[in-house]
Amino acid sequence: MAVYRVRVTTGPYLRAGTLDNISVTLVGMCGESPKQLLDRMGRDFAPGSDSWYCSHICVNGPDGTLSHFPCYQWIEGYCTIELRPGTARTICQDSVPLLLDHRKRELQARQECYCWKVYAPGFPGIVDVSNFEEMESNKKFALTKTTPRADQDDNSGNRYLPGFPMKIDVPSLLHMEPNIRYSATKTTSLIFNAIPVSLGMKLRGLIDRKGSWKKLDDIRNIFWCHKTVTSEYVTEHWCEDQFFGYQYLNGINPVMLHRLSSLPSKLPVTNDMVGPLLGPGTCLQTELQRGNIFLADYWILAEAPVHCLNGRQQYVAAPLCLLWLNPQGTLMPLAIQLSQTPGPDSPIFLPTDSDWDWLLAKTWVRNSEFLVHEHNTHFLCTHLLCEAFAMATLRQLPLCHPIYKLLLPHTRYTLQVNTIARATLLNPEGLVDKVTSIGRQGLLYLMSAGLAHFTYTNFCLPDSLQARGVLAIPNYHYRDDGLKIWAAIESFVSEIVGYYYPSDASVQQDSELQAWVGEIFDQAFLGRESSGSLTLVVRSKVEAIRFIQERDDGDWIVVETEGFPRRLCTPKELVKFLTAIIFNCSAQHAAVNSGQHDFGAWMPNAPSSMRQPPPQTKGTTTLKSYLETLPEVNVTCNNILLFWLVSQEPKDQRPLGTYPDQHFTEEAPQRSIAAFQSRLAQISRDIRERNQGLALPYAYLDPPLIENSVSI
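Residue numbers (this note's numbering): 608 to 1319.
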């Protein structure tokens, strides 16, 4: 009788072991072994919980061959888990009926578990967490049957809890499929990040204090014990024009600038207005021709609904901010108009205006930056889209699929953190309703409008930079570091795709891959055919400018560029799409998330609301009126608390390129992983060497500080 030796490995998580009965059966082409109880006491089978985290299983055959069976799953209840050897295979490479049936049954089970839900019209699809409660109550998934909640009003569980300033949707947090929920270590770390700061504000009476700040310096005392080098720099330089321009390049929303060749008709800035700022020997038209004039356009806020905070009406603006790249290579604000419609009631503010008028105009722009960044650049374009990528990966690709193995580490904890966000931030009377001038209704509007105008060009960093005309701006560290990381990811993905997809036909005939990209197209991008951007060609010079910008003469020729794919036809197309997904799940999220406390702890640099309407005349702003426009004390503190929490990645981190779970067992992909890690290490050395010479280091895209996935 042949003898096989089975070695089981339990994961390195708290309470990962179990005392439940675990049996194993080996299945081969010619039959299967009897069920064998795994009963050797040790770390695997020791007091823990009803759950068991199985990392992998190794089987030594009678001829000495070693087979690896990756698992890397929590196993709960009375269930059977079927594992294949670790060699990655597409459906085209499987011909054995038993294996094809296994793929089909695995995906059917996943699709029953991970169901789509519509959160709001115009939103990407999200995970339906209510399905997990039904699964827990089903004998198919557990020996002990729980009693499902009776049908209740959707908001019945949305309530205040002691110590929290906002309502929390409690039921949505109670049931989470074990393989997507936070580990005990990460959960504990998140709680201990929050409690001391929240309690400190509560004890000092800041969380409940309404009314204006008495003086600006009082804001320094909110986070007196949680200062960083960057937050201190922001506090000292926030009102300077040079730093205002710097944030468009290396702040937390470094994607807003577009180069202009001519001014849009809705911003009637003249050379007489800005000529003294440009200096002798040049003029506005000359600087436009040289490519030194840029625009940040917050058009999307023009129709955003407004909200009440502390019983008071709040206000929102949709500004246009014109900037100039001066001969010293510094980006400087030239003019600000606080609406999309020019006229007597919408003056153009200039650096030559009174200090308070100019500061208020810049603060209105910073408020618009906050709203567009938080809702669209950050939550929509990283969190929500990455959730849709994770869902499609779980639902359409089996564990043995090479793209599943590639993407799974970049989906870690994304469904959990987004569920937490919907339960605490996006819910009715949640934190968004407590701190922003547009509230939850404005959030719903802004994100749906943002997704409707989001293009494949926006999604792919090199294309976006070229389309926005910002490749030549000096000291644009986000661009420089981002392109290096994009290239490293692209090289890694190219090697993986090249190994498993040697031809166009191998991509086209992979029905699972096509179902995956099709589901992303339908659920993430809502099946929008017009998801390409518009390239505008002028006098044989190609300059990609967002389609919303207008040109009054007939010089422009409009050309449609590629949209989000609904089908993939070549390995090259697959590489580009996968590179963009991994980049946005990791590096892009780090760039727009990690610095929120740094740039927002000094509230006037990132006000979440404005209590007075945008000024319609010049010469009326004073310190008193400025303070009366900024958010009230409790609104400020609640928002800064949020900034602190989302900027502190809880424990149980996995930096970009770190793959402790060995999903790929072949030598070729393992070599590619090692080469990827080597490239990232060199990028990190280059970034740290550069940062030594900077007054304000830019470290948000330093690979060891980038999480593999959207997990906070």
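Every residue gets a Cβ at the ideal spot worked out from N, C-alpha and C, and that includes glycine.
Backbone secondary structure at residue i - three-state DSSP
{"i": "VAL1225", "result": "The residue you asked about is not Val; residue 1225 is Lys in the sequence shown. Three-state result, LYS1225: coil."}
{"i": "VAL734", "result": "strand"}
{"i": "HIS1344", "result": "Residue 1344 lies beyond the range of the chain shown here (608 to 1319); nothing can be said about it."}
{"i": "PRO1035", "result": "coil"}
{"i": "TRP659", "result": "strand"}
{"i": "GLN1121", "result": "helix"}
{"i": "LEU621", "result": "coil"}
{"i": "GLU1383", "result": "It is not possible to answer for residue 1383, since the shown part of the chain is limited to 608 through 1319."}
{"i": "LYS724", "result": "strand"}
{"i": "LYS699", "result": "Per the sequence presented here, residue 699 reads as Cys, with Lys not at that position. Three-state result, CYS699: helix."}
{"i": "TRP906", "result": "helix"}
{"i": "ASN667", "result": "strand"}
{"i": "CYS846", "result": "coil"}
{"i": "PRO755", "result": "Only weak support exists for where PRO755 lies, its pLDDT of 42 falling under 50; the coordinates are left without a value."}
{"i": "TRP681", "result": "strand"}
{"i": "ASP964", "result": "helix"}
{"i": "TRP1163", "result": "Confidence at TRP1163 is low in this model, with a pLDDT of 42, below 50, so the placement of that residue should be treated as unreliable; the coordinate-derived value is given next. Reduced to three states, the DSSP call for TRP1163 is strand."}
{"i": "PHE956", "result": "strand"}
{"i": "LEU673", "result": "strand"}
{"i": "GLU777", "result": "According to the sequence provided, residue 777 is Val. The question's Glu does not apply to it. VAL777 falls in the coil class under three-state DSSP."}
{"i": "LEU941", "result": "strand"}
{"i": "HIS865", "result": "strand"}
{"i": "PRO1304", "result": "coil"}
{"i": "ASN800", "result": "helix"}
{"i": "PHE1154", "result": "Here the model assigns PHE1154 a pLDDT of 36, short of 50, so the residue's position is not dependable and the matter cannot be decided."}
{"i": "VAL1145", "result": "Confidence at VAL1145 is low in this model, with a pLDDT of 40, below 50, so its placement is unreliable and no value can be given for it."}
{"i": "ALA749", "result": "Because ALA749 sits at a pLDDT of 40, beneath the cut-off of 50, its placement in the model cannot be relied upon, and the following sentence gives the value as read from the coordinates. Three-state DSSP puts ALA749 in coil, outside helix and strand."}
{"i": "ASP1309", "result": "coil"}
{"i": "LEU1051", "result": "helix"}
Proximity of residue i and residue j at Cβ, strictly below 7 angstroms
{"i": "HIS914", "j": "SER1044", "result": "yes"}
{"i": "PRO940", "j": "PHE850", "result": "no"}
{"i": "SER1316", "j": "ILE1103", "result": "no"}
{"i": "ALA997", "j": "LEU1033", "result": "no"}
{"i": "PRO1016", "j": "TYR1108", "result": "no"}
{"i": "GLY1202", "j": "ILE859", "result": "yes"}
{"i": "THR1323", "j": "THR1018", "result": "No answer is possible for residue 1323: it lies beyond the span of the chain, which begins at 608 and ends at 1319."}
{"i": "ARG691", "j": "CYS1007", "result": "yes"}
{"i": "THR1064", "j": "ALA1074", "result": "yes"}
For residue j and residue i, the rounded distance between their alpha carbons
{"i": "VAL1199", "j": "ALA1187", "result": "16 angstroms"}
{"i": "TYR726", "j": "GLN935", "result": "48 angstroms"}
{"i": "LYS817", "j": "ILE1127", "result": "44 angstroms"}
{"i": "TRP1163", "j": "SER868", "result": "Any reading at TRP1163 is ruled out, since the residue's pLDDT is 42, under 50, leaving its predicted position unreliable."}
{"i": "VAL862", "j": "LEU856", "result": "8 angstroms"}
{"i": "PRO1035", "j": "ASN917", "result": "15 angstroms"}
{"i": "ASP760", "j": "ASP776", "result": "Residue placement at ASP760 cannot be trusted, given a pLDDT of 45 that sits under 50; what the coordinates show is reported in the next sentence. If you take the alpha carbons of ASP760 and ASP776, they lie about 12 angstroms apart."}
{"i": "ARG973", "j": "PRO958", "result": "16 angstroms"}
{"i": "PHE977", "j": "THR1243", "result": "13 angstroms"}
{"i": "PRO1214", "j": "SER975", "result": "9 angstroms"}
{"i": "GLN1289", "j": "THR792", "result": "30 angstroms"}
{"i": "PRO619", "j": "GLU639", "result": "30 angstroms"}
{"i": "TRP659", "j": "ARG788", "result": "14 angstroms"}
{"i": "GLN1130", "j": "PHE1184", "result": "16 angstroms"}
{"i": "ASP952", "j": "MET1217", "result": "18 angstroms"}
{"i": "LYS747", "j": "LEU714", "result": "Because the pLDDT of LYS747 is 44, which lies under 50, any placement of that residue in the model is unreliable, and the number read from its coordinates should be weighed accordingly. Cα-Cα distance, rounded: 16 angstroms."}
{"i": "VAL1253", "j": "ASP627", "result": "37 angstroms"}
Of the residues the options, the one placed nearest residue i, counting alpha carbons only
{"i": "LEU1230", "options": "ARG788, ILE682, SER819 and TRP681", "result": "SER819"}
{"i": "ASP824", "options": "SER674, GLN947 and LEU1234", "result": "LEU1234"}
{"i": "ALA1094", "options": "ALA1282, LEU967, ARG1002 and VAL631", "result": "ALA1282"}
{"i": "ILE733", "options": "MET608, LYS724 and ALA997", "result": "LYS724"}
{"i": "PHE1271", "options": "LYS1012, SER1137 and PRO1069", "result": "LYS1012"}
{"i": "ARG827", "options": "THR842, ASP815 and ILE814", "result": "THR842"}
{"i": "GLY764", "options": "ASP646, ILE900, GLN1195 and THR1031", "result": "THR1031"}
{"i": "LEU1237", "options": "THR1018, ILE1247, MET1210 and GLU1256", "result": "MET1210"}
{"i": "TYR1266", "options": "GLN1115, GLN1277 and PRO1257", "result": "GLN1277"}
{"i": "ASN1245", "options": "GLY624, ILE829 and ILE664", "result": "ILE829"}
{"i": "ALA942", "options": "VAL979, GLN921, ILE907 and ALA903", "result": "ALA903"}
{"i": "SER1110", "options": "LEU1181, ASN1065 and GLY1057", "result": "LEU1181"}
{"i": "ASP1087", "options": "LEU781, GLN1003, ARG1297 and LYS821", "result": "ARG1297"}
{"i": "ASP735", "options": "LEU781, ASP708 and PRO887", "result": "LEU781"}
{"i": "LEU1303", "options": "PRO1310, PRO1311 and ILE1294", "result": "ILE1294"}
{"i": "ASP848", "options": "VAL804, ASN933, LYS834 and ALA924", "result": "ASN933"}
Residue i beta carbon near the ligand FMN (any heavy atom closer than 6 angstroms)
{"i": "THR959", "result": "The ligand FMN is not part of the structure shown, which contains no ligands of any sort."}
>> Give the list of continuous alpha helix (DSSP H) stretches no shorter than 4 residues that lie fully inside the stretch 1068-1113.
In response: 1068-1075 and 1084-1107
> Curious, which full-length alpha helix (DSSP H) runs of at least 4 residues does the stretch 867-938 contain?
Replying inline: 878-885 and 891-897
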